[in-house]
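Below: the structure, in structure tokens.
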Ligand SMILES: [Zn+2]
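Numbering (this note's numbering), first residue to last: 24 to 107.
Here it is as structure tokens:
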């Protein structure tokens, strides 16, 4: 599965459907996996760390959604945060 780079708009809405609400998935280092609650598209986003501010996304790529074999993200596996 190729890591397709995707462009996130400045307002950080879903590149596929424009939704602003994401469900968090596994996190690793500076990267965070997120799933759009509307269209279920999943992305791996990276932003530079900052102690007080949320800096812009520096890189994002598409990862397999649950229906594409990306595995199930159980609600209780990850803390509930939005794009954090
Ligand atoms: Zn979406």
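For every residue, glycine included, the Cβ atom is placed at its ideal position computed from N, Cα and C. Bear in mind the structure is a predicted one, so any value in this text is a computation, not a measurement.
{"Item": "Proximity test, residue 27 beta-carbon vs ligand 1 heavy atom, cut-off 7 Å", "Value": "no"}
{"Item": "Residue 61 beta carbon less than 8 Å from that of residue 87", "Value": "no"}
{"Item": "Segment limits, beta strand (DSSP E) that includes residue 84", "Value": "80 to 86"}
{"Item": "Cβ-heavy atom distance, residue 39 to ligand 1, below 7 Å", "Value": "yes"}
{"Item": "Assigned secondary structure, residue 35 (DSSP; H/G/I helix, E/B strand, else coil)", "Value": "coil"}
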